[in-house]
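*Asks:* Positions 3 to 552 (our numbering) are the ones given, in order, by the sequence shown.
Just passing along the structure, written as structure tokens.
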Amino acid sequence: MASPSELATERSHSKPLGIRFWEYIKKAKLSYKSHQAVVLIVTFFAYTTYHATRKTTSIVKSALDPQSSAAGLKFPWRITYLSSPAETQRRSWVLGDGWAPFNGSDGTALLGQLDVAFLAVYAIGMYFSGHLGDRMNLRIFLTVGMIGTGLFTSLFGVGYWANIHSFYYFLIVQMIAGLFQSSGWPSVVAVVGNWFGKKKRGLIMGIWNAHTSIGNITGSLIASTLLSYGWGWSFVVPGLLIAFMGILVCLLLPVSPESVGADRQEEEDDAVDSPKKKREGVAEPLLGSHTEMKEIAVGFIEAWRIPGVAPFAFCLFFAKLVAYTFLYWLPYYIGHTGILIYFNFLILIDSLRILFSIHKSAAIEGKYLSDETAGNLSTFFDVGGVLGGILAGHISDRLDARAITAATFMYCAIPALYFYRSYGHISFAMNIALMFICGMFVNGPYALITTAVSADLGTHSSLNGNSKALATVTAIIDGTGSVGAAIGPLLTGYISANSWSAVFMMLMAAALVAGLLLTRLVVAEVAARISETRSQGRPQSRSQEPELNV
């Protein structure tokens, strides 16, 4: 007969690997900051793979429809022009004839329908995902979403080997992939919000939000590199990558301090030691540790009623309309409106050629950039977005004013868009600089609202410390924004046929409306800053009087 210790060991080994892992973590007693580091790293790479799989469709468009203007990021990065020799324009056998039904006269329209269907289902699914995320274990919910995304992303690529030419197969697979994709953002923001209080949340999440741009660039690299082996690989490999990352999330991600027995007191002590907390005399953390009563998930309508949710949600609608119009149409715009490279910039081109191993074309003065180079240049918008997200987060932390920061960035985006439209065609260097600035001002508030603002509102004081609203609030805000993300590129397809100036007028109007929607919150934040300044001045003047009398 086995001894009690042997029976305990046997029972322990019979448990699933994930449960044994978490039992080990709880016994290890990692510090609070160590857990925070794990959360940031795991969620960063998790959402990087989400965006990598999302980017593949726009890259593979060139294989499905050779007439498509989509271009991927390819290395070595070569600057080519529409008038360059025929051999530089020739596609490989994989890209040659396209793939039915996308290689017909309506191929571009069909690909556009895939994009709209994906974004529409993604936006609708976002609302339900947030509702479910607050009622389920976020680690399991996120794992299922990632594995499901990987499965249906791979199934899209399987159409290559299975010789599938039915449009409805690709449409249905893309829509289900969009549904699984919608699980990602509410989950990762809710997890990060559970672990980080309001102190430095904007800066931390601004840096963390770089996963969006890194995911886009990584997805472009993977998809374009594998394209020559068959476009199916461009879907299957990212699909396998996100599924593998989903397994790691299941094993490694602690969804909250309570789930691993972490002590919030470490973070509370840091908050008490901060100058602001000493000045205010407040030691209560954003998510209080006194949660003896059982938390009840907040309803969908109740979440909409949280102060600030509706204004920021509708602001993001217009902010994402601008951002996703650039995401889907910027390579086309650069390639088809033309960037004239003047002789005065030959030195700049030479230096870039040396720096990035760029091969210089024989003729450059007055030529138009090819679709491939236009796609490469468009990545500078993402690079600007990374800096914009970090700056917006840092500034909003310093000012303790999310609405003021977001509105200011949106207003600054208006002249940036105007100058890009008016002067971006003058030169290669001017286009890169203005594109970078546009990315900074457009993606800055987009990143701020979808990260720090969503986490702030999901832990609003009106919820009395209830953290069961994070995923729902995040889903409401980003879901509303995703509707704008679907509408912007769709409208651009129609408007650009007549005038690109009209497209930019639409984008500038959207940026203006986005800023105006935050007016009430901006006024409230300004009033709060004025009131705080006055209240600080009065006690200080009184406290100085006794010192003068001594």
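All C-beta atoms in this analysis are idealised placements derived from N, C-alpha and C, irrespective of residue type, glycine included.
Is the stretch 170-187 touching the stretch 106-124 in the sense that three or more CB pairs, one from each, lie closer than 8 Å?
*Replies:* Because the criterion of three Cβ pairs below 8 Å is met, the stretch 106-124 and the stretch 170-187 touch.
*Asks:* For S498, which three-state DSSP category applies?
*Replies:* By one-based count along the sequence shown, residue 498 stands at place 496. Coil at S498, not helix or strand.
*Asks:* Count the other C-beta atoms from every protein chain shown that fall within 10 angstroms of the C-beta of I303, then say buried if there are 16 or more, exposed otherwise.
*Replies:* The residue you call residue 303 lines up with position 301 of the sequence shown. Under this definition I303 is an exposed residue.
*Asks:* According to DSSP, is Q538 helix, strand or coil?
*Replies:* If you number the sequence shown from 1, residue 538 lands on position 536. Q538 falls in the helix class under three-state DSSP.
*Asks:* Can you list the alpha helix (DSSP H) stretches of 4 or more residues lying completely in the stretch 172-230, in chain order?
*Replies:* Those alpha helix (DSSP H) runs which fall completely within the stretch 172-230 and span 4+ residues are 186-197, 203-210, 213-228.
*Asks:* Does the distance from the CB of K322 to the CB of S131 come in under 8 Å?
*Replies:* Working through the sequence shown from its first residue, we reach residue 322 at position 320. Working through the sequence shown from its first residue, we reach residue 131 at position 129. No, Cβ-Cβ distance for K322 and S131 is not below 8 Å.
*Asks:* With DSSP as the reference, label M138 as helix, strand or coil.
*Replies:* Numbered from its first residue, the sequence shown carries residue 138 at position 136. Reduced to three states, the DSSP call for M138 is coil.
*Asks:* Nearest to Y162 by alpha carbon, out of L436, I149, S222, G100?
*Replies:* Translated into positions along the sequence shown, residue 162 becomes position 160. Nearest of L436, I149, S222, G100 to Y162, Cα basis: G100.
*Asks:* What does the Cβ neighbour count give for P309, buried or exposed, with the cut at 16 atoms within 10 Å?
*Replies:* Numbered from 1 along the sequence shown, position 307 holds the residue referred to as residue 309. Result: exposed.
*Asks:* Considering F104, what are the terminal residues of the alpha helix (DSSP H) in which it resides?
*Replies:* For the purposes of this step, residue 104 is taken as the residue at position 102 of the sequence shown. It is not in any alpha helix (DSSP H) - F104 carries neither H nor E in the DSSP assignment.
*Asks:* Assign G106 to buried or exposed, taking buried as 16 or more other Cβ atoms, counted over all protein chains shown, within 10 Å of its Cβ.
*Replies:* Position 104 of the sequence shown, counting from 1, holds the residue named residue 106. Exposed, because fewer than 16 other Cβ atoms sit within 10 Å of the Cβ of G106.
*Asks:* If I'm right that L242 touches A409 with Cβ under 8 Å, what's the distance once you round it to whole angstroms?
*Replies:* To locate residue 242, count along the sequence shown from 1; it is residue 240. To locate residue 409, count along the sequence shown from 1; it is residue 407. Not really, about 42 Å apart at Cβ, beyond 8 Å.
*Asks:* In three-state terms, what does DSSP make of L519?
*Replies:* Position 517 of the sequence shown, counted from the first residue, corresponds to residue 519. In this structure, L519 counts as coil in the three-state DSSP scheme.
*Asks:* Over what stretch of residues does the alpha helix (DSSP H) that includes I166 continue unbroken?
*Replies:* Locating residue 166 in the sequence shown gives position 164, counting from the first residue. Looking at the DSSP string, I166 is not in any alpha helix (DSSP H), and its letter there is neither H nor E.
*Asks:* In whole angstroms, give me the CA-to-CA distance for G390 and N165.
*Replies:* Here residue 390 refers to the residue found at position 388 of the sequence shown. Here residue 165 refers to the residue found at position 163 of the sequence shown. Near 43 Å, if we compare the C-alpha coordinates of N165 and G390.
*Asks:* Are the CB atoms of Y420 and M510 nearer to each other than 8 Å?
*Replies:* For the purposes of this step, residue 420 is taken as the residue at position 418 of the sequence shown. For the purposes of this step, residue 510 is taken as the residue at position 508 of the sequence shown. In this structure, M510 lies closer than 8 Å to Y420 by Cβ.
*Asks:* Are I451 and G386 closer than 8 Å when you measure CB to CB?
*Replies:* Along the sequence shown, one-based indexing puts residue 451 at 449. Along the sequence shown, one-based indexing puts residue 386 at 384. In this structure, G386 does not lie closer than 8 Å to I451 by Cβ.
*Asks:* Mark R423 as exposed unless 16 or more other C-beta atoms lie within 10 angstroms of its C-beta, in which case mark it buried.
*Replies:* To locate residue 423, count along the sequence shown from 1; it is residue 421. R423 is buried by the Cβ-count criterion.
*Asks:* Alpha carbon to alpha carbon, what distance is there between L523 and A516?
*Replies:* As a first step, residue 516 is located in the sequence shown; it is residue number 514 there, counting from the start. As a first step, residue 523 is located in the sequence shown; it is residue number 521 there, counting from the start. Near 12 Å, if we compare the C-alpha coordinates of L523 and A516.
*Asks:* Kindly give me the distance between the Cβ atoms of G186 and Y330, rounded to whole angstroms, as I take these residues to be in contact under 8 Å.
*Replies:* Taking the first residue of the sequence shown as position 1, residue 186 is located at position 184. Taking the first residue of the sequence shown as position 1, residue 330 is located at position 328. No, G186 and Y330 are not in contact; Cβ-Cβ is about 19 Å, not under 8 Å.
*Asks:* For the alpha helix (DSSP H) that contains S240, what are its first and last residues?
*Replies:* The residue you call residue 240 lines up with position 238 of the sequence shown. The sequence shown places Pro at residue 240, rather than the Ser named in the question. Where P240 is concerned, the enclosing alpha helix (DSSP H) stretches over 233-254.
*Asks:* What number of angstroms, rounded off, separates the C-alpha of N196 from the C-alpha of A454?
*Replies:* For the purposes of this step, residue 196 is identified with residue 194 of the sequence shown, where counting begins at 1. For the purposes of this step, residue 454 is identified with residue 452 of the sequence shown, where counting begins at 1. Approximately 12 Å, taken between the alpha carbons.
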